[in-house]
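One rule links them: number in the numbering used here = place in the sequence shown (from 1) + 1.
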Amino acid sequence: MTADMHQDTRGKRDASEKPPHLGFGLGLRPQHYQDILEGAPNVDWFEVISENYMVPGGKPLKILDQIRARYPIVMHGVSLSIASTAPLNEDYLRDLKALAHRCEPVFISDHLCWTGVHGINLHDLLPVPYTREALDHVAARVHHVQDYLGRAIALENVSSYVQFSHSEMSEWEFIAELTRRTGCWLVFDVNNVFVSAFNHEFDAHAFIAGVPKERIVQFHLAGHEHNMSHIVDTHDALICDEVWDLYRTALRHFGPVSAIIERDDHIPPLAELVAELDQARAVAAEVLGRTHAAA
Numbered sequence: 002m003t004a005d006m007h008q009d010t011r012g013k014r015d016a017s018e019k020p021p022h023l024g025f026g027l028g029l030r031p032q033h034y035q036d037i038l039e040g041a042p043n044v045d046w047f048e049v050i051s052e053n054y055m056v057p058g059g060k061p062l063k064i065l066d067q068i069r070a071r072y073p074i075v076m077h078g079v080s081l082s083i084a085s086t087a088p089l090n091e092d093y094l095r096d097l098k099a100l101a102h103r104c105e106p107v108f109i110s111d112h113l114c115w116t117g118v119h120g121i122n123l124h125d126l127l128p129v130p131y132t133r134e135a136l137d138h139v140a141a142r143v144h145h146v147q148d149y150l151g152r153a154i155a156l157e158n159v160s161s162y163v164q165f166s167h168s169e170m171s172e173w174e175f176i177a178e179l180t181r182r183t184g185c186w187l188v189f190d191v192n193n194v195f196v197s198a199f200n201h202e203f204d205a206h207a208f209i210a211g212v213p214k215e216r217i218v219q220f221h222l223a224g225h226e227h228n229m230s231h232i233v234d235t236h237d238a239l240i241c242d243e244v245w246d247l248y249r250t251a252l253r254h255f256g257p258v259s260a261i262i263e264r265d266d267h268i269p270p271l272a273e274l275v276a277e278l279d280q281a282r283a284v285a286a287e288v289l290g291r292t293h294a295a296a
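The following block contains the structure:
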């Protein structure tokens, strides 16, 4: 993708228009700043953790500006806490909107979860009870956030390790109805589906079939820690064969979707991550054909 093509994605779409296909990207990590700025890695776009740049000034923002001049950016948050019963943090939304104004992301995403209550941030992505009451509550909060930001957001399915016994529907039914009510987009985390399917003994293919394909704007791919009795979503290892196979299934069902690899611990040199990203490209080309995989 050329620099001119990158620039074409900036601030030129209607707020409700589906984000364009971006190709194959990586989560932006400080360990790779220098290699990105001094080279030309085979990466189509970068996803930034929003909270890492929601500060006034400083070196990270300057570096983000430089990378944004060369690559499309997606903002991905971990603290929106869209499902919490605590009031939405208006200061957080103000800073999120200011960052979006600065870096003009292709879209803004966060997680379908809650991260705290009563002023306490638990720094974890906690599961939601899949009830009608929770659906009404989350939908109202999504509407508020989207109205404030002036754009549709994307929400990601999380890995979970416990479930609520009083849930009234499956996770995918909840997600499908939420996007129908609010018009939000969906980040389909392939690894998270694999992890939760193992932990809760549901069929990952039912999840794929149950969410609306027209709302999917991004795939996440990552590694995990398999403890035999349960799997922990760690983002610290290579993607395993079973997740690659589930990615193939997702591609067959959803078609070409922008994809990134996330690595948050045991971060290898950039060249190693780019090599794994090339594997994602190869899998997409195998399933969809090279022309459609790059669409």
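Beta carbons are placed, not taken as given, at the ideal position from N, Cα and C, and that holds for glycine.
- Bounds of the beta strand (DSSP E) holding Glu157 are 155 to 157.
- Judged by their CB atoms, Cys185 and Val159 are not nearer to each other than the 8 Å cut-off.
- One alpha carbon belongs to Gln35, the other to Glu202, and they sit about 43 Å apart.
- The beta carbon of His112 lies closer than 6 Å to those of Leu126, Glu157, Val159 in the same chain, with the five residues before and after it left out.
- Taking a cut-off of 8 Å on C-beta distances, the stretch 103 to 119 touches the stretch 66 to 75, as three or more cross pairs fall below it.
- Note on geometry: alpha-carbon atoms of Thr183 and Glu226 lie some 34 Å from one another.
- In this structure, DSSP gives Val196 a helical state, which the three-state scheme calls helix.
- Straight across, the Cα-Cα distance linking Asn43 with Glu18 is about 27 Å.
- Here Leu97 is near Met55, since their CB atoms are less than 8 Å apart.
- As the crow flies, the alpha-carbon of Ser171 is around 12 Å from that of Pro128.
- Secondary structure at Ala295: coil, using DSSP grouped into helix, strand and coil.
- When rounded, the separation of the alpha-carbon atoms in Lys214 and Ala286 is 19 Å.
- If you compare the alpha carbons of Phe220, Leu100, Ala84, Arg95 with that of Asp148, the shortest gap goes to Arg95.
- Here Asp242 is exposed: its Cβ has fewer than 16 other Cβ atoms, across all protein chains shown, within 10 Å.
- According to the DSSP assignment, Ala260 belongs to no alpha helix (DSSP H) but to the beta strand (DSSP E) extending over 260 to 262.
- At a cut-off of 3 residues, the continuous stretches assigned as beta strand (DSSP E) that sit fully inside the stretch 101 to 181 are 109 to 112, 115 to 118, 121 to 127, 155 to 157.
- When secondary structure is reduced to three states using DSSP, Phe255 falls in the helix class.
- The beta strand (DSSP E) runs of length 3 or more contained entirely in the stretch 205 to 258 are, from start to end of the chain, 217 to 222.
- A distance below 8 Å separates the beta carbons of Phe208 and Trp173.
- Arg264 and Asn53 have their C-alpha atoms some 15 Å from each other.
- Taking 8 Å as the cut-off, the beta carbon of Ile261 is found no closer than this to the beta carbon of Arg30.
- Asp66: not part of any beta strand (DSSP E); member of the alpha helix (DSSP H) spanning 60 to 69, first to last residue.
- Our two residues, Asn192 and Leu81, have alpha carbons roughly 21 Å apart in a direct line.
- The criterion of a C-beta distance shorter than 8 Å is not satisfied by His167 and Thr116.
- Non-local beta-carbon contacts of Thr86 in its own chain, meaning distances under 7 Å to residues more than five positions away in sequence, involve Val118 in chain order.
- Bridge partners of Phe189 according to DSSP: Phe220.
- Residue burial is scored here from C-beta neighbours: Glu91 has fewer than 16 other C-beta atoms within 10 angstroms and is therefore classed as exposed.
- Shown here, His77 sits in a strand according to DSSP, grouped into three states.
- Counting along the chain, the unbroken beta strand (DSSP E) around Ile50 starts and ends at 46 to 50.
- Beta-bridge pairing by DSSP links Phe25 to Ala260.
- Boundaries of the alpha helix (DSSP H) around Leu278: 271 to 289.
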